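To start, the structure under review is shown below, and the notes come after it.
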Amino acid sequence: MTSASQPTTQLPLRAQVRDAVARAWQRAVARGALPGVADGTVLPAVDLDRPAHPEHGDFAASLAMKLARPYRRAPLDIAAAIAAEIAAEAAAGDGTSPIASVDVAAPGFLNLRLTDTALATTIGTILADPVGWGRVPAGKRRAVNVEFVSANPTGPLTIGNARGAFVGDLLCRVLEAGGQTVTREYYFNDSGTQVGKLGASVVALRHAEPVPEEGYHGAYVEDLARELPGDVLAAAQAPGADGADIIGRWAGARVRTGIEASLERLGVHFDVWKSEGSLHAEGWVERAVERLRAGGHVYEQDGAVWFRSTTFGDDKDRVIYRSDGRPTYFAADIGYVTEKFSRGFDHLIYIWGADHHGTVARTRNAAEAMGYDRDAVQMLLYSWVRFIRDGHEISMSKRAGEFITLDELLEEVGVDAARWFFASRAATTGIDFDIELAKKQSAENPVYYVQYAHARIASILRKATAVGIAPASGVGELLGGGPEAALARAIVRFPEVVEDAATSEETHGVTAYATMLATEFHAFYRDARVVDEADPERSASRLALVSVARITLANALGLLGISAPESM
RNA sequence: GCGCCCGUAGCUCAGUGGAUAGAGCGUCAGGUUGCGGACCUGAAGGUCGUGGGUUCGAGUCCCGCCGGGCGCGCCA
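Per our numbering, numbering of the first sequence is gapless, rising by one per residue and ending at 940.
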């Protein structure tokens, strides 16, 4: 299996160092400096940390301390044995080792420092392939379906939908960076009770009658009533027609178009819009229930059809068809699982609000009962955002027409600032979003700090072009102990950050990294003049370095769906 | 009552069992006749809710308690 477009991605530095440590460990064992262990003994993996203090080097390994128990040896002795092998390989100078030096520190750390060659080589690869910088090699490539937002089209998206939209899209971007193929999917019901109530509300307003009890209020309902075409109204009033449903579907389609536009505005594009009705119409629900029945996981009681969810550890069984024969929401859910897998996905992710955690078990149980791997069905639950204005939590009711739309929020705060806000916080923690504070702080939001660094570099590059100095193809002999070294070290960490984000399915590491990199750049800018017509050679090398810093900032922001402006 | 999530600096939040617990904002004190001052340097600010336990090592893992959120429908 070959691919012509296979990029020649260099192994990330962390992986190179990890391999070098593993080689040294193996040689130490082979030479008898470290003991063998009995078969079946579980040995630790070689994990690397980024030390908190620069004097501890570029990477630290706690391997020796973890080997102390199985080897029945002092950690310092083990560390010394491995360090000797690392030093030997580094001293050979044949270019295999990215490690310049190794120190042993109490109580058993291996502190590792990168060679300038490893740094310079990495920077060269960034210049050669800016787009590929930060894409990490795909582990097990998967086709992933990510379903999120999925608000029914009974009204515009509100700030209550904001976190799901951002968290879902950010997850998709992180998975894509990790080499996975992602489909963004939106699930909605445009024929249910709630949409019918919307239809009834529209009709009432059209006839200048009061909105029915339990109906929908708000300016958008009035707009719909005004825009309702005569032929739709006529069809709804035809004898025997379900008027509310017909008007509701029309209104739902209209609202859905608005929702799609809002989502595009904040940079979220959905690949698939799936209606609940189609799952029933195409027989997915029926077939899924049959599949459960064939496995003996279904029974009838009190006139209803139940899924025996308790078989798989749930605390109660769940109704699929009510005693009046109508399917529950859960029925559509299990049909949807089979429909998704039928499209070839091997992993499904649901982005749900924390209030849905009660439905996680039953859905995964049903997937397992139907013969799917329950681990292939994953729910990511995000916690609520409390929106605060004037010191009070904003309470909202879509039905009463009291809400702040997502569009309004983004207009106040800005898409980049809002994306940064959600990207820099773990999805599972409850957070406060003070709108006044967000507006007030928008000018000193960290996102602008990062964007400013990017724009500043762009300005430097423009200046260099104006005076006729072009960036070199690499940083040459520039590193050493000069101001370049710290910036170069910050830049080359980027693939690790992406890898960790993809593994943890969280993005706050990326925002923290981008802030740190911007700080390093600003410090470099203070200490080193980049464009200096008196020294064009050094200028060219420094231009190469700041170009790479710009690429890295742009790719980090791009990973979060945030713009990287040339000027601001 | 039971289940899940959360509790870290004045505020908003990071912290994949590792070294002296970090960032942004806010506060205070400084810095530029050079490529963008939306910048830089420094300071103050913490019994990591609490009490035990496991471990060479616990903010991180386990148990109890306190406080907050969510859920426990033939609702969606």
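All C-beta atoms, glycine included, are put in the ideal place defined by N, C-alpha and C. This structure is a prediction, so every number in the text was calculated from the model and none was measured.
Look at Thr494 here: in three-state DSSP terms it is helix. Taking 8 Å as the cut-off, the Cβ atoms of Lys770 and Thr530 count as close.
Under the DSSP definition of a beta bridge, Asp475 partners with Asn483. Annotated three-state conformation of Ala417 is coil, per DSSP. For Gln673, the number of other beta carbons within 10 angstroms of its own is below 16, and it is reported as exposed. For Ala433, the uninterrupted beta strand (DSSP E) segment begins and ends at Phe431 to Ala433. With 16 or more other CB atoms across the displayed protein chains lying within 10 angstroms of its CB, Asp562 is buried. Inclusion of Val503 and Pro384 in the CB contact set at 8 Å is not warranted, their separation being larger than that value. Residue nearest to Arg914 within the set Ala857, Asn533 and Pro426 is Ala857 (criterion: CA-CA distance). Counting only runs of at least 4 residues, the region 606 to 694 fully encloses the following alpha helix (DSSP H) elements, listed from N- to C-terminal order: 615 to 637, 648 to 653 and 656 to 666. In this structure, Val521 and Gly536 form a Cβ contact; the two beta carbons are roughly 5 Å apart against a cut-off of 8 Å.
Under DSSP, Ala515 forms a beta bridge with Thr553.
Straight across, the Cα-Cα distance linking His894 with Ala928 is about 17 Å.
Residue ranges of uninterrupted alpha helix (DSSP H) with 4 or more members, entirely inside the region 546 to 598 and ordered along the chain, are 565 to 578. Annotation: the region 734 to 809 contains the following complete segments of the alpha helix (DSSP H) (minimum length 4 residues), in chain order: 778 to 785 and 787 to 795. Counting the other CB atoms within 10 Å of its CB gives Ala842 a total below 16, which places it among the exposed residues.
CA-to-CA, the gap between Arg395 and Ala436 works out to about 14 Å. As the crow flies, the alpha-carbon of Pro423 is around 11 Å from that of Ser434. In this structure Ala534 is buried. Its beta-carbon is surrounded by 16 or more other beta-carbon atoms within 10 angstroms.
About 16 Å separates the beta carbons of Ala860 and Ala912, which is beyond the 8 Å limit, so they are not a contact pair. For Leu851, there is no enclosing beta strand (DSSP E), as DSSP gives it neither H nor E. With a cut-off of 8 Å on Cβ pairs, the region 537 to 548 is in contact with the region 628 to 641, counting three or more such pairs. If the five residues before and after Leu925 are omitted, its C-beta is found closer than 8 Å to the C-beta atoms of Val822, Ala825, His826, Ile829, Ala886, Leu889, Ala890, Phe893 and Ala936, all from its own chain and listed in chain order. Ala795 sits close to His880, with the two beta carbons spaced by under 8 Å. Counted as a single uninterrupted DSSP element, the alpha helix (DSSP H) harbouring Ile706 occupies residues Tyr701 to Ser714. With 16 or more other CB atoms across the displayed protein chains lying within 10 angstroms of its CB, Gly707 is buried. In terms of Cβ geometry, Val389 and Leu420 form a close pair [threshold 8 Å].
Cβ contact annotation for Ala400 (same chain, cutoff 7 Å, sequence separation greater than five): Leu406, Ala453, Ile454 and Glu457, in chain order. Three or more beta-carbon pairs separated by less than 8 Å are not found between the region 767 to 783 and the region 863 to 870, which leaves the two stretches without contact. Taking the Cα positions, Cys544 is about 33 Å away from Leu596.
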